[in-house]
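**Q** Would you mind keeping the following structure in view while I ask a few things?
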Amino acid sequence: MKTLLTLTLGLALLLGKVGVVNAAPLLQEDVPVTGTIQSVVVETDSDSGVQTVLVTVLVNGVEHTARLDLETAVSLGLITIGEGGEPAVDESRIGTEVQIDPTLFGSDAPPMDEKQHPVGSKLAEFFSSLANVDYEMIMSSHADGFGFGVITQALWMTKSLGGDATLFAAILDAKESGDYSMVALPEGAIPQNWGQFKKAVLSGEDDDSLGDVMSGNDEGDNPGNGNGKPDDPGNGNGKPEDPGNGNGKPDDPGNGNKPDNPGNSNPPGQNKDKNKDKQNNRNDRK
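Numbered by our numbering, the letters in the sequence shown go through residues 12 to 297 in order.
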């Protein structure tokens with residue numbers, strides 16, 4: 012049975028900070044933004060008199076606004092230019108899709124669909140049962156300087172203690188500071204290092220390593236390393252229906268002289284007749 016730890020209130024209050032998710036990087040410049048047009052507005056700068064077009068598009072449920080020059084807006088079919096040179100919005104484009112250069116959105120560019128780190132993604136998937144522990148939190152912890160090996164150990168301990176994101180962050184903070192004074196073991200002793208702390212939480216049991224998680228060699232999914240299958244008769248020299256390595260088969264009369272085995276002996280009475288013939292031959296010679 013696993014050793015239960017008594018975590019003081021200070022553990023949650025002092026060390027319960029959760030890593031902040033970093034802002035997602037902007038879209039790559041060579042990948043256009045595809046969105047549904049919500050509005051198109053022509054604006055005129057009061058100082059320069061230069062006209063531009065503000066187009067608002069919906070991308071993944073979020074509105075983003077780009078500023079276009081008249082030429083670009085015309086090329087996208089958002090406006091037309093009349094005989095007097097005045098731009099007019101094509102209202103029929105509202106609700107339709109458009110592709111726009113991401114650099115035209117400025118700071119309002121939609122976030123890109125960043126490819127997830129394979130290790131962080133695997134850990135998030137494996138420990139998805141831990142409340143509020145997700146990919147972003149794991150990667151934030153990694154960005155703070157924790158290796159994935161330590162993060163994996165902290166996740167195992169959090170799972171063992173039935174904790175959540177707050178406990179996970181607290182365990183990592185204790186690892187960083189080396190101060191485990193807020194953790195009391197049942198015997199009243201205080202862990203002096205990470206190894207003692209991990210051993211106390213996991214009761215000395217071997218936790219799966221990062222390599223085990225990544226390879227799928229994780230607890231509960233591996234039936235074991237036994238050398239035999241239930242339907243395997245084993246390494247014997249014969250099968251259940253095999254009579255074995257004897258020198259005779261059940262239906263083979265064999266060479267034996269047992270009563271129930273005729274073997275190679277003569278039929279009944281034949282030996283007696285032969286003895287009589289031999290005696291007669293000897294009498295004839297006399």
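By construction, the Cβ of each residue, glycine as well, lies at the ideal position given by its N, Cα and C atoms.
Using C-beta distances below 7 Å, list every residue in its chain close to residue 205, excluding the 5 sequence neighbours before and after it, in chain order.
**A** In the sequence shown, residue 205 corresponds to position 194, counting from 1. Excluding positions up to five away in sequence, the list reads 186.
**Q** Which residues does DSSP pair with residue 54 in a beta bridge?
**A** Locating residue 54 in the sequence shown gives position 43, where the first residue counts as 1. Answer is 63, bridged to residue 54.
**Q** Could you spell out the range, first to last residue, of the beta strand (DSSP E) harbouring residue 110?
**A** In the sequence shown, counting from the first residue as 1, residue 110 sits at position 99. Residues 108–111.
**Q** Leaving out five residues before and five after residue 210 in sequence, what residues of the same chain have Cβ atoms less than 8 Å from its Cβ?
**A** As a first step, residue 210 is located in the sequence shown; it is residue number 199 there, counting from the start. Once the five neighbours on either side are set aside, residue 210 has no close Cβ partner at all.
**Q** Using the beta-carbon count (16 or more within 10 Å), is residue 251 buried or exposed?
**A** Within the sequence shown, the letter at position 240 stands for residue 251. The pLDDT assigned to residue 251 is 46, lower than 50, so where the model puts this residue is not dependable; a value taken from the coordinates is nonetheless given after this. Residue 251 should be labelled exposed.
**Q** Using CA atoms only, rank isn't needed, just tell me which of 200, 71, 134 and 55 is closest to residue 220.
**A** One-based indexing of the sequence shown puts residue 220 at position 209. Per the Cα distances, 134.
**Q** Quick one, are the C-beta atoms of residue 169 and residue 144 less than 9 Å apart?
**A** For the purposes of this step, residue 169 is taken as the residue at position 158 of the sequence shown. For the purposes of this step, residue 144 is taken as the residue at position 133 of the sequence shown. Going by C-beta atoms, residue 169 is nearer than 9 Å to residue 144.
**Q** Got a sec? Which residues, its chain only, sit under 6 Å from residue 263 by beta carbon, not counting five neighbours each side?
**A** Sequence index remark: in the sequence shown, residue 263 carries index 252 (1-based). Because residue 263 sits at a pLDDT of 49, beneath the cut-off of 50, its placement in the model cannot be relied upon, and the point is left open.
**Q** Just how far apart, CA to CA, sit residue 212 and residue 127?
**A** As a position in the sequence shown, residue 212 is number 201, starting the count at 1. As a position in the sequence shown, residue 127 is number 116, starting the count at 1. Their backbone Cα atoms lie some 31 Å apart in a straight line.
**Q** Starting from residue 76, trace the alpha helix (DSSP H) both ways and give me its first and last residue.
**A** As a working note, residue 76 is residue 65 in the sequence shown. It is not in any alpha helix (DSSP H) - residue 76 instead sits in the beta strand (DSSP E) that spans 73–80.
**Q** If the criterion is Cβ atoms closer than 9 Å, does the pair residue 101 and residue 77 meet it?
**A** For the purposes of this step, residue 101 is identified with residue 90 of the sequence shown, where counting begins at 1. For the purposes of this step, residue 77 is identified with residue 66 of the sequence shown, where counting begins at 1. It is not a contact, given that the beta carbons lie outside the stated cut-off.
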